Amino acid sequence: MEVIVIESEAYKQLITRIENIERLFIEAISELKEAKNDRYWSVEEVAEFTGFCESWVRKRKEHMGFFQEGKDLKFLKSNVLKYMSQRSVDPKVNRALKTSGRT
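Quick note on this note's numbering: the sequence shown kicks off at 4 and runs consecutively.
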């Protein structure tokens, strides 16, 4: 059996690099799983999910990202979720604005 001697600093750097590779690998697997679950929604499905009418969805199509297939518009579920989450208001902030008369 052969014994290899590694300096402690080199060993620490090696471990750090392996941990970084592991972290990147886990992130990549997570992104792949998320992409696998992503699907396209129709205007009707986006309207149903958001609670807004279909014309509201069509007016905001550029903001949510879409593609057009003939007359049909398609939206990636993940893009719709991101669009909606970016526009959500913290209930505490909303109450504060109402009581201060800013809304």
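No residue lacks a Cβ here, since even glycine has one placed at the ideal position from N, Cα and C. Just so we're clear, the structure is a prediction, and the values are computed from it rather than from any experiment.
{"Check": "Identified DSSP bridge partners for S45", "Outcome": "K77"}
{"Check": "Residues that DSSP places opposite E72 in a beta bridge", "Outcome": "D75"}
{"Check": "Of the residues I29, R61, Y86, G68, the one placed nearest K74, counting alpha carbons only", "Outcome": "R61"}
{"Check": "Nearest-angstrom beta carbon gap, S45 and K77 [assumed within contact, 8 Å]", "Outcome": "7 Å"}
{"Check": "Reduced DSSP category for V60 - H, G, I as helix; E, B as strand; rest coil", "Outcome": "helix"}
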